[in-house]
Amino acid sequence: MGDYQLQVTIDQDSGFCFGVVYAIDMAEEILAEDGYLYCLGDIVHNDEEVERLKAMGLRIIGHDELADLHNEKVLIRAHGEAPETYKIALENNITLIDASCPVVLKLQNRIKTSYDTNEKILIFGKHGHAEVVGLQGQTNGDALVFQDISELDDAELPHSFTLYSQTTKSMEKFYNVKEQLLSRGYEVKANDTICRQVSNRDKDLPAFVAKFNKVVFVSGRKSSNGKVLYEVCRKHNPNTYFVSSISELDKTMFVPGDKVGIAGATSTPMWLMQQVKAELEKY
């Protein structure tokens, strides 16, 4: 224990969601057998975890590289993929290790069913996010994606449409979007497709962060879920700091005797939060 005598506690509900655990478990199993494995995009939006798996032989590729790959194994991460990816794999004799999250797969199927029955579809999600690209792919790119209601101010929308959400969006924001669209006179068939393992964190985190003088939120900067949960922490404890690795910690964030809570995104590995805890205890 260092001079500051910080009392540090990790939120035991933080860390990988089951979809990410499943994908990483599959990757580690194949890496142990084959020594290498291709993965389409970062397996998780956490650079520290990606580097750990790269050291084991994980090779991250993009869609352009997939088109040039033949006779290999390729992991599809929890975010899921559009139908075009499966078509390319079949043409190139690529064995897909499909670790798509079951929640995402269910959403993809619902969107495809809506599209096949000629429903007009809007998706509340982050532009360019891997999951959203896969969802839009179920509609041959016809679905309208927006990440803020203001994007729809000048859009020509049909009177009636079906609204879906990226699984990691804020439930509060989704229902706010729904109400605003209804108030504008649209006929909205809203489908709450937000993952409860994420939305329940919205409810649990306020009580956790309220117990501490300071909170360190650990997440990759590319994690949509991380951005949402960080804002939840900051709302209920303004003394919340966002870090992606121990190198971003600074002793000046704290004063002697602080009670410090550590929380993370559903893409944050527990080993990284434990690393942060160990570093803080040296202060």
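For this note's numbering, count along the sequence shown from 1 and bump the result up by 805. In this text, a Cβ means the ideal position worked out from N, Cα and C, and glycines have one as well.
Would you tell me roughly how many angstroms separate the C-alpha atoms of residue i and residue j, rounded to the nearest one?
i, j, result
"E854", "K983", "36 Å"
"E924", "E889", "21 Å"
"D869", "F979", "33 Å"
"D839", "D830", "14 Å"
"D1055", "I815", "18 Å"
"K859", "L836", "10 Å"
"K994", "D958", "19 Å"
"Y920", "E956", "22 Å"
"Y827", "Q941", "24 Å"
"H1041", "G1031", "16 Å"
"M1058", "N996", "42 Å"
"S1052", "R1026", "14 Å"
"D847", "Y891", "18 Å"
Would you kindly report the start and end of the unbroken beta strand (DSSP E) that includes residue i?
i, result
"Y1088", "From DSSP, Y1088 is part of no beta strand (DSSP E); its letter is neither H nor E."
"S965", "S965 to S970"
"Y843", "L842 to L845"
"F951", "L949 to F951"
"V879", "K878 to I881"
Skipping 5 residues on each side, what residues in its chain have a beta carbon closer than 7 Å to that of residue i?
i, result
"V825", "V849, A883, T1071 and S1072"
"C1038", "L1010, V1014, V1020, F1022, T1045 and A1068"
"V813", "V1065, I1067, K1082, L1085 and E1086"
"S819", "A1068, G1069, T1073 and M1078"
"P963", "K925"
"T944", "I916, Y920 and I926"
"S1050", "E853"
"H932", "V950 and Q952"
Report all residues from its chain with a CB closer than 8 Å to the CB of residue i; omit the five preceding and five following residues, and keep chain order.
i, result
"T972", "C906, V908, V909, L912, E936, T998, I999, C1000 and V1003"
"E977", "D1007"
"Q985", "I954"
Can you name the start and end residues of the alpha helix (DSSP H) that residue i belongs to?
i, result
"D869", "H868 to A872"
"I893", "P888 to E896"
"L940", "A935 to G942"
"V1003", "R1001 to V1014"
"G1031", "S1029 to H1041"
Name the DSSP beta bridge partners of residue i, please?
i, result
"V1081", "DSSP lists no partner for V1081."
"E992", "S965"
"V1021", "Y1046 and I1067"
"R864", "Y843"
"I916", "Note: I916 sits in no beta bridge, so no partner."
"V813", "V1065"
"F929", "F951 and S970"
"I902", "L880"
Assuming residue i contacts residue j (C-beta within less than 8 Å), just tell me the rounded distance between them.
i, j, result
"D1063", "L811", "5 Å"
"G939", "A887", "5 Å"
"A948", "L927", "7 Å"
"K970", "N851", "This sequence places Ser at residue 970; Lys is not what is there. Contact doesn't hold; Cβ gap of about 23 Å is too wide."
"G862", "Y841", "4 Å"
"N898", "H875", "6 Å"
For residue i, which residues from the same chain have a beta carbon less than 6 Å from its beta carbon, with the 5 sequence-adjacent residues on both sides left out?
i, result
"V1033", "S975"
"A894", "L901"
"Y1035", "F1022 and F1047"
"M1075", "G820"
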